[in-house]
DNA sequence: CGTAGTTTTGAGATCGGTCAATATTTGTGG
DNA sequence: CCACAAATATTGACCGATCTCAAAACTACG
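Structure representation (structure tokens):
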């Protein structure tokens, strides 16, 4: 299952046999968690980072008055909180959107790995910087795109991220209800519902109880003015 | 002038004399650039990262139809594009908001430094992860806060970031006109104007032609439901 | 002192929010 | 397998925060 993690790295950078071996050795046996489990609690000290082998996770921040913003979604192959290696505590929560298979990698192992294999250190640093790039793209989405554009951009992003790790990017279970989509896109569940219907009527996207079906990727990209470059699929050698 | 950079690091982590020396040795002589200069162009390959010694910068993304989102603001002491050390090309531009003093640090120097001093490597990795935390907070702001809340949150953040590097956080020149504030906050210049007047009438903030005057920090924090923790001022040892 | 950039203000439009009712689906115990 | 409860989705009517367009006032600066 670690194959997806390797695929994600290989989508951007080469990996020597030696490096691949070191990564495989890094990852302890996995465990399962059910949908809606909270994997990481805001503010709690972390000694491990969670590699997501299968399933979907999200990161989210809550406000005192109950408002919630989902700041990122993770797919199989992602290190969900590698940034905790340096931050030690996170200012957000992480929750399973679907049943998930996880592996908890001790920070101590990561420290040793990046010291012994500096190039892998740069690759993992790259990985957290790539997450940040997605955060910036979501800022763009939240600040500048219409409701329909935000929805379209989200599904375009997920499409490419899933394809990259050899999953079906056209039809997948996102495990999010409309209220959760609303929390990710800075809108209300009611308006998500109406906008989803609009996208369905236009034969762009069909979303039914967590099951996403991309009907017209190019149409969604046009609607979102989607520009792939923020996913760094053409990364330079490190 | 590198003192601000050291102060920013010291606000979160200890620094040995040896480490401080290594950082000082890293930074080449500075240069000046005028207000509104574009420091980094989207997509261009970078061999150096820019340390901002004095002045204000912003990162922004443009859309084909002319919409623009400012995704982050940098103050003196910040490494404005340290993430380019691993990304090599950036998906956004970086522009000087005020006249700036910059130092261009070669990626090759950074590579040598982090290999020879792994702890400094973790500190700089932390620094890019801290930037990402601010991006997530801006996502929260753009997605969940009202226009007034977004404005308030921005000035609260700038206050603390400036104080941390021994600058005046109550009264400072941000160098942004109302249209630029609008691009940062996902609203229109007209509405920025009206909201600014509201904050002035409520004696919370006075903003006049780029000059910010925080009149009531606690009031702004309450309005924004501001929570400092995302700035990681109480970081754990690395 | 003229001109360009910026800020301010007004009137009207609209996107998305709010509230509330209804319908549908899913899960559970018997 | 059914009956019910809980969660989720859908729809309608109305509201309001923010946008749009346009004009006027101010400011900076060569």
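Residue numbers (the UniProt record's numbering), protein chains in the order written: chain A, 1 to 238; chain C, 1 to 238. We put the CB at the ideal spot given by N, CA and C, even for glycine.
Cβ neighbour criterion (16 or more within 10 Å) applied to residue i
| i | result |
| --- | --- |
| residue 211/C | exposed |
| residue 81/C | buried |
| residue 164/A | buried |
| residue 208/C | exposed |
| residue 24/C | exposed |
| residue 41/C | exposed |
| residue 59/C | buried |
| residue 233/A | exposed |
| residue 116/C | exposed |
| residue 131/A | buried |
| residue 203/A | exposed |
| residue 17/A | exposed |
| residue 228/C | exposed |
| residue 78/A | buried |
| residue 187/C | buried |
| residue 171/A | exposed |
| residue 143/A | buried |
| residue 66/A | exposed |
| residue 175/C | buried |
| residue 169/C | buried |
Residue nearest to residue i in terms of C-alpha spacing, selected from the options
| i | options | result |
| --- | --- | --- |
| residue 182/C | 115/C, 173/C and 195/C | 195/C |
| residue 36/C | 63/C, 21/C and 180/C | 180/C |
| residue 190/C | 201/C, 161/C and 177/C | 177/C |
| residue 161/C | 72/C, 68/C and 22/C | 72/C |
| residue 19/A | 150/A, 87/A, 118/A and 104/A | 118/A |
| residue 39/A | 102/A, 236/A, 30/A and 113/A | 102/A |
| residue 109/A | 58/A, 47/A and 98/A | 47/A |
| residue 91/C | 202/A, 185/A, 140/A and 4/A | 140/A |
| residue 242/C | 235/C, 77/C and 150/C | In the structure displayed, chain C extends from 1 to 238; residue 242/C sits before or after that span and is not available. |
| residue 4/A | 16/A, 44/A, 53/A and 30/A | 53/A |
| residue 29/A | 70/A, 43/A and 105/A | 105/A |
| residue 158/A | 202/A, 145/A, 226/A and 95/A | 226/A |
| residue 126/C | 11/A, 144/A and 88/A | 88/A |
| residue 112/C | 112/A, 121/A, 12/A and 197/A | 121/A |
| residue 97/C | 70/C, 147/C, 107/C and 199/C | 70/C |
| residue 219/C | 148/C, 188/C and 138/C | 148/C |
| residue 27/A | 221/A, 185/A and 51/A | 51/A |
| residue 241/A | 221/A, 1/A and 200/A | There is no way to answer for residue 241/A, as the model of chain A reaches only from 1 to 238. |
| residue 137/C | 31/A, 213/A, 197/A and 63/A | 63/A |
| residue 34/A | 95/A, 153/A and 142/A | 95/A |
| residue 124/A | 214/A, 142/A and 86/A | 86/A |
| residue 185/A | 197/C, 76/C and 145/C | 145/C |
| residue 8/A | 76/A, 237/A and 93/A | 76/A |
| residue 213/A | 152/A, 237/A, 238/A and 107/A | 152/A |
| residue 237/A | 45/C, 15/C, 114/C and 237/C | 45/C |
| residue 107/C | 205/C, 49/C and 154/C | 49/C |
| residue 93/A | 31/A, 61/A and 114/A | 61/A |
| residue 21/A | 6/A, 199/A, 32/A and 11/A | 6/A |
DSSP bridge partner residues for residue i (one or two, in chain order)
| i | result |
| --- | --- |
| residue 100/A | 33/A |
| residue 160/A | Paired residues: none, contrary to the question. |
| residue 83/A | Paired residues: none, contrary to the question. |
| residue 93/C | 60/C |
| residue 73/A | 58/A |
Rounded distance between the beta-carbons of residue j and residue i, thought under 8 Å
| i | j | result |
| --- | --- | --- |
| residue 167/C | residue 230/C | Wrong, their Cβ atoms sit about 20 Å apart, outside the cutoff. |
| residue 217/A | residue 156/A | 7 Å |
| residue 129/A | residue 83/C | 4 Å |
| residue 235/A | residue 13/A | 6 Å |
| residue 201/A | residue 215/A | So it is not a contact: roughly 11 Å between Cβ atoms. |
Near the ligand NAP: residue i beta-carbon under 7 Å from a heavy atom
| i | result |
| --- | --- |
| residue 60/C | In the structure shown, the ligand NAP is absent, as is every other ligand, since no ligand is present at all. |
Can you check the region 20–71 of chain C for any alpha helix (DSSP H) of at least 4 residues that lies completely inside it and give the ranges in chain order?
-> none
Taking the runs of the alpha helix (DSSP H) that are 4 residues or longer, which of them lie wholly in the UniProt domain "HTH crp-type" (145–218) of chain A?
-> 147–164, 178–185 and 189–201
Sequence ranges, beta strand (DSSP E) only - wholly within the region 106–131 of chain A, length at least 3 | none
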